[in-house]
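For reference, each letter of the sequence shown is one residue, going 59 to 797 in the working numbering. Where a beta carbon is used, it is the ideal one built from N, C-alpha and C, also for glycine. No experiment lies behind these values; they were computed from the predicted model shown.
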Amino acid sequence: MKYIYLMLFMMTANFTYAQVRGTVKDKQGEPIPGANVFWMGTTSGVTSSAEGRFSIEKPAKSHMLVVSFIGFVNDTIHVEKKNASIDVVLHEGVELSEVNVVSRKLGTMKMRNSVMNQEMISSTELFRAACCNLGESFVTNPSVDVSYSDAATGAKQIRLLGLSGTYVQMLTENIPNYRGAAAPYALGYVPGPWMQSIQVSKGTSSVKNGYEAITGQINVEFKKPQTPEADILTANLYADSDSRYEANADVLAKINKNWSTMLLMHYENQTKSHDSNNDGFLDLPKVEQYNFYNRWAYFNSRYEFQVGIKALSEDRNSGQTLHGGNMSMTDDLYKIGIKTNRYEAYMKNAYLLNPETNANVALMLSASLHNQDAAYGRKLYDVDQSNFYASLMYETNLGKRHSLSTGLSFNYDSFDQNYRLTNQVDLPRTSRFVKEAVPGAYAQYTYNLDDKLVVMGGLRGDYSSEYGFFVTPRAHIKYNPNEIVHFRLSAGKGYRTNHVLAENNYLLASSRQVTIADNLDQEEAWNYGASVSTYIPLFGKTLNVNTEYYYTDFRNQVVVDMDSNPHEIAFTNLDGKSYSKAFQVEASYPFFEGFTLLAAYRLTDAKTTYNGQLLEKPLTSKYKGLITASYQTPLGIWQFDTTLQLNGGGRMPNPYALADGSSSWSSRYGSFEQLSAQITRYFRGWSLYVGAENLTNFKQKNPIIAATEPWGDNFDSTMIWGPVHGAKYYVGVRLNLSK
């Protein structure tokens, strides 16, 4: 390893200068971006970055460094050394007998200092809703949509910039994760109480994490044992009107000043049958899940080491029930069963080589094994996916305004698949093993002119064992002439390998014939983005307005074609144009103490060529509106949250004609509204919350086509554009035992 360090040092030039560096975090260990850091009695100051980091020159005659952020008690640190490194922990408000009070910490924060268009969803924001898992964490977020992919299995997918979640790179603590076979149900694999924060990056992103991000990245940060003031024990109990029960707990142990460990546990059970529309099919799948995560951390002044293991077991069952409907019930019921076992392990190492230039080297390793056995009626899809990922990174400052990041990476995926794509049980299964190994390297340069102009350019090259060599360029520019307005531009390319059955196996819950073209291309797309963020002083408060536009242009794409033949799902290479245009504007303003209102509107134009025709992407809403309000009483004892979503209409896949000449379904679907609300009562060491989702009680009528004839040619549960269940009510309690 020492030779790698030496070689990397020879590649870069190190310039030293007197700087005080550090981080600003809250007591949960979450970074605080935008914190003010300045020398007492001077006009010299900076703000912390998206990761809570700062670097400030030390004047000769000042030794008192002040750190402040709205809603937190100021901290003043005596700094004697010119090249000191410090970690600052800010505390929320002042300690009273019941609660901590002053101002509220922001739930969703735009990363003002980030060159990319990023926002951080903190635990404060996650607590505004039930947030039982990652898929339920974006209720109050205007940028990310989460919707059901089909009405039978409960599979969900994220949509960002008008495109499905497969074009969003999923990360857990900056390690690519939940790819391939895990994608359809991955949003349920991350319990909400485990999460410390979520970072959402729109458009093309950094080349550090690979080449896959096309519309953006979503990175999940879990609770960390090394946090200075982490709770010894936290727990969350939840129950709702759909007979879903959850229990979560995490336990912290500080071994000594360097070593710490944490065990996180999750159990959920939703095994009661629900058929409110009386179509003979379960409205929601029965799910039972066990999930465990143990992580260890070692920290000293120069070296960081983290290791963790995860294990998940889930049974998911759905299909016909023994009651309801007008069908003629037989013993041969249409059943769906999905058994999943998933195991993960990772290791992170980071060593600070030179504190003066922040030169450091890091090595990340991760591996996962995903075993899934699925039956959709008589169709079968069993898959064992193995993944190994390695990343070696080196970063340094080349001067006051220049920084460099370089690295090597390696990713390996294998899919051992055994399947039958038809209900004809006399046909043999197909066995197929595919694998892909991709080594790569990148370099990324950043120029920062006093945080007013930031330019970041990155280039990476990768070699796929399936597709050969390819290059990924990406560039970002941020310019803020003053503190009121920030401009951002981005452009870059993304690639991905499409594993059509692993990523879309939920589509087997229909009678459609599945056809897969030979020699499917590696997907390739350009993404261009522009945004303007303004922070306008108004009546002693700040009005935040953000406007953005993104254009995604595919050069190669694997098209999921449900239009050319209404009784077929065809996976083909793109022959023509495919693009997505997304425009969004949002504004937030704290009208009075403790109250914040956010309003947003997004317009989407996504089209793809199907059988020679350029058509709207089916089941994709044309627009979305969102209004969310939050109020916390002056003593912080009560909190009230409500969110209204306005979902626009869109195009349905081409229908077929019934025997009487009518269409099997309408060519378009209409708009609908959803309202959610929650009330939280805080006590010392615990809190109680009650809430409701979909209070408008809107449900898509007849979400399953030909539900009375699941073995017939017309059965289809994939025509989903709205909620499949009505209003849901829930109650929960959160406990925390501090040191």
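Report task. Could you check what DSSP says for Gln77 in three-state terms: helix, strand or coil? Result -> If you number the sequence shown from 1, residue 77 lands on position 19. For Gln77, the three-state secondary structure derived from DSSP is strand.
Requested in this report: With DSSP as the reference, label Trp354 as helix, strand or coil.
Outcome: Position 296 of the sequence shown, counting from 1, holds the residue named residue 354. Looking at Trp354 - three-state DSSP - the assignment turns out to be strand.
Query raised in the report: Going by beta carbon distance, what residues of the same chain come within less than 6 angstroms of Ala417, once the five residues before and after it are set aside?
Result: Counted from its first residue, the sequence shown places residue 417 at position 359. Closer than 6 angstroms at the Cβ level, and outside the excluded window around Ala417, lie Leu411 and Thr454.
Requested in this report: Give me the Cα-Cα distance between Val775 and Gln736, rounded to the nearest whole angstrom.
Outcome: Taking the first residue of the sequence shown as 1, we reach residue 775 at position 717. Taking the first residue of the sequence shown as 1, we reach residue 736 at position 678. Looking at the sequence provided, one finds Ser at residue 775 rather than Val. Answer to the nearest angstrom: the Cα atoms are 31 angstroms apart.
Requested in this report: With a floor of 3 residues, list each beta strand (DSSP E) that falls wholly inside the segment 610-698, ordered by position along the chain.
Outcome: Whole beta strand (DSSP E) segments, 3+ residues: 616-619, 626-631, 636-650, 653-668, 671-674 and 681-690.
Query - Delimiting residues of the beta strand (DSSP E) encompassing Thr488 - result: By one-based count along the sequence shown, residue 488 stands at place 430. That run of the beta strand (DSSP E) goes Thr488 to Leu507.
Query raised in the report: For the 8 angstroms Cβ check, are there 3 or more pairs between the segment 787-796 and the segment 745-753?
Result: Between the segment 787-796 and the segment 745-753 there are three or more C-beta pairs closer than 8 angstroms, enough to call the two in contact.
Query raised in the report: Excluding sequence positions up to five away, which residues of its chain have a Cβ less than 7 angstroms from the Cβ of Tyr439?
Result: For the purposes of this step, residue 439 is taken as the residue at position 381 of the sequence shown. The residues are Ala432, Tyr477, Leu559, Asn563 and Leu566.
Requested in this report: Could you tell me which residues DSSP pairs with Ile594 in its beta bridges?
Outcome: Taking the sequence shown and counting its residues from 1, the one referred to as residue 594 is at position 536. In the DSSP output, where bridge partners are listed per residue, Ile594 has Leu601.
Query - Identified DSSP bridge partners for Asp774 - result: Looking up residue 774 in the sequence shown gives position 716. Bridge partners of Asp774 according to DSSP: Ser568 and Ile763.
Query - Alpha carbon of Leu716 to alpha carbon of Gly770, nearest angstrom - result: Taking the first residue of the sequence shown as 1, we reach residue 716 at position 658. Taking the first residue of the sequence shown as 1, we reach residue 770 at position 712. So the alpha carbons of these two residues sit roughly 13 angstroms apart.
Query raised in the report: Per DSSP, which one or two residues make a beta bridge with Met122?
Result: In the sequence shown, counting from the first residue as 1, residue 122 sits at position 64. According to DSSP, Met122 bridges with His136.
Query raised in the report: With a Cβ-Cβ cutoff of 9 angstroms, do Pro624 and Pro713 count as a contact?
Result: Locating residue 624 in the sequence shown gives position 566, where the first residue counts as 1. Locating residue 713 in the sequence shown gives position 655, where the first residue counts as 1. One thing to note: Pro624 has its Cβ within 9 angstroms of the Cβ of Pro713.
**Report entry** Cα-Cα separation between Thr691 and Thr654, rounded to whole angstroms
**Finding:** Locating residue 691 in the sequence shown gives position 633, counting from the first residue. Locating residue 654 in the sequence shown gives position 596, counting from the first residue. The straight-line gap from Cα to Cα measures roughly 12 angstroms.
Query raised in the report: Among Tyr637, Lys599 and Tyr608, which residue has its Cα nearest to the Cα of Val617?
Result: Taking the sequence shown and counting its residues from 1, the one referred to as residue 617 is at position 559. For Val617, the nearest C-alpha among the options comes from Tyr637.
Query - Whole-angstrom distance between Tyr521 and Lys551, CA atom to CA atom - result: Position 493 of the sequence shown, counting from 1, holds the residue named residue 551. Position 463 of the sequence shown, counting from 1, holds the residue named residue 521. Cα-Cα distance, rounded: 16 angstroms.
Query raised in the report: Excluding the five sequence neighbours on either side, which residues of its own chain have a C-beta within less than 8 angstroms of the C-beta of Glu346, listed in chain order?
Result: Translated into positions along the sequence shown, residue 346 becomes position 288. Only Glu326, Asn327, Gln328, Thr329, Glu372 and Asp373 meet the Cβ criterion.
Query - Range of the contiguous beta strand (DSSP E) that encloses Gly560 - result: Here the question's residue 560 lines up with position 502 in the sequence shown. It is Ala, not Gly, that sits at residue 560 in the sequence shown. Going by DSSP, Ala560 is part of no beta strand (DSSP E) but of the alpha helix (DSSP H) stretching over Val558 to Asn562.
Report task. Pair every Cβ in the segment 537-553 with every Cβ in the segment 198-210, then say whether three or more of these pairs are closer than 8 angstroms. Result -> Verdict: no, contact absent.
Query - Rounded C-alpha distance that separates Arg742 from Val125 - result: For the purposes of this step, residue 742 is taken as the residue at position 684 of the sequence shown. For the purposes of this step, residue 125 is taken as the residue at position 67 of the sequence shown. The straight-line gap from Cα to Cα measures roughly 27 angstroms.
Query - Inter-residue spacing [alpha-carbon to alpha-carbon] between Leu321 and Asn352 - result: As a working mapping, residue 321 is identified with position 263 in the sequence shown. As a working mapping, residue 352 is identified with position 294 in the sequence shown. Spanning the two alpha carbons is a distance of roughly 5 angstroms.
Query - Best match in Asp289, Thr224, Tyr303 and Ser205 for proximity to Pro249 [C-alpha to C-alpha] - result: Residue 249 sits at position 191 when you count from the first residue of the sequence shown. It is Tyr303 whose Cα lies nearest to the Cα of Pro249.
Requested in this report: Return the Cβ separation of Ala664 and Gly220 in integer angstroms, given the expectation that the two are a contact with Cβ distance under 8 angstroms.
Outcome: For the purposes of this step, residue 664 is taken as the residue at position 606 of the sequence shown. For the purposes of this step, residue 220 is taken as the residue at position 162 of the sequence shown. Rounded, the Cβ-Cβ distance is 4 angstroms, consistent with contact.
Query raised in the report: Roughly how many angstroms lie between the CA atoms of Gly706 and Gln443, to the nearest whole one?
Result: Counting from 1 along the sequence shown, the entry for residue 706 is found at position 648. Counting from 1 along the sequence shown, the entry for residue 443 is found at position 385. Computed Cα separation, rounded: 37 angstroms.
Query raised in the report: Rounded to the nearest angstrom, how far is the Cβ of Val365 from that of Met422, given a contact under 8 angstroms?
Result: To locate residue 365, count along the sequence shown from 1; it is residue 307. To locate residue 422, count along the sequence shown from 1; it is residue 364. The distance from the Cβ of Val365 to that of Met422 is about 11 angstroms, inconsistent with a contact at the 8 angstroms cut-off.
Query raised in the report: What's the gap between the Cα of Ser489 and the Cα of Gln703?
Result: Start at 1 with the first residue of the sequence shown, and residue 489 comes out as number 431. Start at 1 with the first residue of the sequence shown, and residue 703 comes out as number 645. It is roughly 44 angstroms from the alpha-carbon of Ser489 to the alpha-carbon of Gln703.
Query raised in the report: How do the segment 457-475 and the segment 591-603 stand: do at least 3 beta-carbon pairs fall below 8 angstroms, yes or no?
Result: At 8 angstroms Cβ cutoff, the stretches do not touch.
Query raised in the report: Anyone know if the C-beta pair for Thr319 and Pro283 falls short of 9 angstroms?
Result: As a position in the sequence shown, residue 319 is number 261, starting the count at 1. As a position in the sequence shown, residue 283 is number 225, starting the count at 1. Thr319 places its beta carbon less than 9 angstroms from that of Pro283.
Report task. To the nearest angstrom, report how far apart Gly519 and Asn631 are at their CA atoms. Result -> Indexing the sequence shown from 1 puts residue 519 at position 461. Indexing the sequence shown from 1 puts residue 631 at position 573. Rounded to whole angstroms, Gly519 and Asn631 show a C-alpha spacing of 24 angstroms.
Query raised in the report: When you compare only the Cα positions, how much space is there between Trp696 and Val265?
Result: Here residue 696 refers to the residue found at position 638 when the sequence shown is read from its first residue. Here residue 265 refers to the residue found at position 207 when the sequence shown is read from its first residue. Taking the straight line from one Cα to the other gives about 43 angstroms.
Query - One or two residues paired with Gln430 in a DSSP bridge - result: As a position in the sequence shown, residue 430 is number 372, starting the count at 1. Answer by DSSP bridge pairing, in chain order: Thr398 and Val441.
Query raised in the report: Considering only C-alpha positions, which residue in the set Ala687, Thr666, Leu684 and Cys190 is nearest to Leu677?
Result: Counted from its first residue, the sequence shown places residue 677 at position 619. When only C-alpha atoms are compared, the closest one is Thr666.
**Report entry** Inter-residue Cα distance where the pair is Met451 and Ala420
**Finding:** Counting from one through the sequence shown, the residue named residue 451 turns up at place 393. Counting from one through the sequence shown, the residue named residue 420 turns up at place 362. Met451 and Ala420 have their alpha carbons spaced roughly 5 angstroms apart.
Query raised in the report: From Pro286 to Phe363, what does the alpha carbon distance come to, in whole angstroms?
Result: In the sequence shown, counting from the first residue as 1, residue 286 sits at position 228. In the sequence shown, counting from the first residue as 1, residue 363 sits at position 305. The alpha-carbon atoms of Pro286 and Phe363 are separated by roughly 16 angstroms.
Query raised in the report: Ordered along the chain, which non-local residues of its own chain (more than five positions away) have a Cβ less than 8 angstroms from that of Tyr447?
Result: The residue labelled residue 447 in the question sits at position 389 within the sequence shown. If the five residues before and after Tyr447 are omitted, its C-beta is found closer than 8 angstroms to the C-beta atoms of Ile233, Pro234, Met422, Leu423, Ser424, Ala425, Ser467, Phe468, Asn469 and Tyr470, all from its own chain and listed in chain order.
Query raised in the report: What is the rounded straight-line gap between the Cα of Asn294 and the Cα of Thr166?
Result: For the purposes of this step, residue 294 is identified with residue 236 of the sequence shown, where counting begins at 1. For the purposes of this step, residue 166 is identified with residue 108 of the sequence shown, where counting begins at 1. In a straight line, the C-alpha of Asn294 is about 22 angstroms away from that of Thr166.
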